[in-house]
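Participant: So that we are looking at the same thing, I have put the structure below in structure tokens.
Numbering (my numbering), first residue to last: 7 to 193.
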């Protein structure tokens with residue numbers, strides 16, 4: 007039984023693909039079709055650089071206490087999911103950002119994209135980050151604060167720019183003045 011005919015291929019197409027003289031053309035066509043159908047690789051260096059630049063913008067916004075700049079990096083439906091099952095809305099995160107950045111100085115905040123994957127809504131980045139700075143408590147006393155965290159962040163590209171849609175805190179080790187403040191790991 008002829009498989010080409012069983013799937014209703016025209017006689018011209020059947021002859022074109024069964025002619026040995028055209029095998030190079032067939033291979034070339036298959037390669038072109040396969041490459042065209044491939045989604046962008048999640049570990050594409052260009053995407054990684056673009057997202058690393060977005061994380062750097064978050065750091066600069068925090069250092070400059072610039073809530074508007076941070077707000078511009080978030081998707082309208084952004085949510086932050088914590089290991090305890092709670093979810094913070096975009097507005098709650100912006101309020102926390104404003105409060106925390108206003109009470110911090112000498113901040114360094116570095117991040118490394120450990121893994122990058124394609125996701126239905128964009129790119130999923132597994133990121134490790136380290137934060138160091140001085141924070142002032144409500145009584146006006148300054149403390150040394152350090153944090154190492156791992157998050158899974160969903161980024162979506164809209165109007166040519168990456169915006170953070172979702173952040174899932176996976177693990178956090180934090181200390182203030184050398185005393186642990188760590189949260190449990192997400193399972």
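All C-beta atoms in this analysis are idealised placements derived from N, C-alpha and C, irrespective of residue type, glycine included. None of these values were measured; they are calculated from a predicted model.
Below 8 angstroms on the Cβ atoms is my contact criterion, and I expect residue 125 with residue 170 to pass it. Report the Cβ-Cβ distance as a whole number of Å.
Facilitator: Walking along the chain shown from the start, residue 125 turns up at place 119. Walking along the chain shown from the start, residue 170 turns up at place 164. Not a contact, Cβ separation roughly 13 angstroms.
Participant: Is the beta carbon of residue 80 closer than 8 angstroms to that of residue 129?
Facilitator: Within the chain shown, numbered from 1, the residue matching residue 129 stands at position 123. Within the chain shown, numbered from 1, the residue matching residue 80 stands at position 74. It is not a contact, given that the beta carbons lie outside the stated cut-off.
Participant: Put residue 56 into one of helix, strand or coil per three-state DSSP.
Facilitator: Counted from its first residue, the chain shown places residue 56 at position 50. Looking at residue 56 - three-state DSSP - the assignment turns out to be helix.
Participant: Assuming contact is defined by CB atoms lying nearer than 8 angstroms, are residue 64 and residue 104 in contact in what I supplied?
Facilitator: Start at 1 with the first residue of the chain shown, and residue 64 comes out as number 58. Start at 1 with the first residue of the chain shown, and residue 104 comes out as number 98. No; because the gap between Cβ atoms is not below 8 angstroms, this pair is not in contact.
Participant: Just to confirm, is the Cβ distance from residue 154 to residue 183 under 8 angstroms?
Facilitator: Numbered from its first residue, the chain shown carries residue 154 at position 148. Numbered from its first residue, the chain shown carries residue 183 at position 177. Result no, Cβ atoms of residue 154 and residue 183 do not sit closer than 8 angstroms.
Participant: List in chain order: all unbroken beta strand (DSSP E) runs of 3+ residues lying wholly within the region 110–170.
Facilitator: Runs found: 110–125, 128–142 and 148–164.
Participant: Three-state secondary structure (DSSP) at residue 74?
Facilitator: Counted from its first residue, the chain shown places residue 74 at position 68. It is helical.
Participant: From what residue to what residue does the beta strand (DSSP E) around residue 102 run?
Facilitator: On the chain shown, position 96 is the one that residue 102 refers to. From DSSP, residue 102 is part of no beta strand (DSSP E) but of the alpha helix (DSSP H) over 96–108.
Participant: Helix, strand or coil for residue 174, going by three-state DSSP, please let me know.
Facilitator: Taking the first residue of the chain shown as position 1, residue 174 is located at position 168. Here residue 174 sits in strand by DSSP.
Participant: Comparing C-alpha positions only, which one of 123, 138 and 140 sits nearest to residue 132?
Facilitator: The count along the chain shown starts at 1 and reaches residue 132 at position 126. Cα-wise, what sits closest to residue 132 is 123.
Participant: What span of residues does the beta strand (DSSP E) with residue 83 cover, start to end?
Facilitator: Position 77 of the chain shown, counting from 1, holds the residue named residue 83. 80–87 is the span of the beta strand (DSSP E), which, as asked, contains residue 83.
Participant: Does DSSP classify residue 63 as helix, strand or coil?
Facilitator: Position 57 of the chain shown, counted from the first residue, corresponds to residue 63. If DSSP states are grouped into helix, strand and coil, residue 63 belongs with the helices.
Participant: Does residue 110 pass the burial test, meaning 16 or more other C-beta atoms within 10 Å, or should it be called exposed?
Facilitator: By 1-based counting over the chain shown, the position of residue 110 is 104. That one is buried.
Participant: What do you get for residue 147, buried or exposed, if any count of 16 or more other CB atoms within 10 angstroms of its CB means buried?
Facilitator: For the purposes of this step, residue 147 is taken as residue 141 along the chain shown, with counting starting at 1. With fewer than 16 other Cβ atoms within 10 Å, it is exposed.
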